[in-house]
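Everything in the sequence shown is counted per our numbering, starting at 9 for the first residue and increasing by one. Below you'll find the structure, written out as structure tokens, and then a few comments.
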Amino acid sequence: MKTATTETARIFLTDYASYNNGTQFEFGHWVDLTDFSDADELNEYIENHFAEADEKSPLGFGSKREEIMITDFEGFPRSFYSESGMDFEQLYEFINLDDDDKIKVCFIMEQGERFDYAIGKYDDVYMIEDTDDAIREEFELFYPDAVKAQENCFYLDIDYDHFRRENYTEFEYNDVNYLVSDNWNQ
């Protein structure tokens, strides 16, 4: 499975009224979500932006811009995205996680789970970066006696690929491959 994000979480913010008037690019713009500490600050910014847009180019019949429209995003998983109804509180909870925890949450969500479940389970996820020696090192960590036996008996051969297939799921995040222990959901 592959999940890709960029370093910075951003949305392209506009509104349905501007979109319907053909002015979505006049009032729409990229918003760096890390410029705000939480969903409340972002929502306040959006309200102020809409008020400024209403002042600059009023809509007909005294209407106000109030229906948010997000036409693009980057820097967070697709499962958070919605053109008109993003849960910014959950998104900020995700953004504020450290990088390893973000990867774990993304992995759980890629398994079909919702964010609220993933945020409660990510501590149970054991993952390692999938390097050339990773699976051999993992096997040696869990079965040191088997490795010693193989070193002493030339006819013994440890099937590392079988160990990998039986115990780990491959996961890609930002072009880095990880192995996730299949025991996370028990």
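Built from N, CA and C at the ideal position, the CB exists for glycine as well.
Checklist entry - Which residue's Cα is closest to the Cα of Asp141: Ala47, Phe179, Asp169? => result Residue Asp169 is the option with its Cα nearest to Asp141.
Checklist entry - Under 8 Å between the Cβ atoms of Thr31 and Ser65? => result Between Thr31 and Ser65, the CB-CB gap stays under 8 Å.
Item to check | Close-in-space but distant-in-sequence residues of the same chain around Leu105 (CB under 7 Å, 5 per side omitted) | outcome: Excluding sequence positions up to five before and after Leu105, its CB lies within less than 7 Å of the CB of Val113, all in the same chain and listed in chain order.
Checklist entry - Which value, in whole angstroms, describes the spacing of the CA atoms of Phe162 and Leu149? => result If I take the Cα positions, the gap works out to 21 Å.
Next on the checklist: With three or more beta-carbon pairs closer than 8 Å as the criterion, would you say the region 87 to 102 touches the region 45 to 57?
Outcome noted: Touching, per the Cβ criterion.
Checklist entry - According to the Cβ coordinates, are Asp109 and Tyr125 closer than 8 Å? => result Cβ atoms of Asp109 and Tyr125: not closer than 8 Å.
Checklist entry - Just reading off the alpha helix (DSSP H) that Asn100 is part of, what are its end residues? => result Looking at the sequence shown, residue 100 is not Asn but Tyr. It spans 96 to 103 - the alpha helix (DSSP H) in which Tyr100 sits, taken as one unbroken run.
Item to check | Separation of Phe123 from Ile103, as counted between CA atoms | outcome: The alpha-carbon atoms of Ile103 and Phe123 are separated by roughly 12 Å.
Next on the checklist: Taking the straight line between their C-alpha atoms, what separation do you get for Glu178 and Gly68?
Outcome noted: C-alpha separation (whole angstroms): 54 Å.
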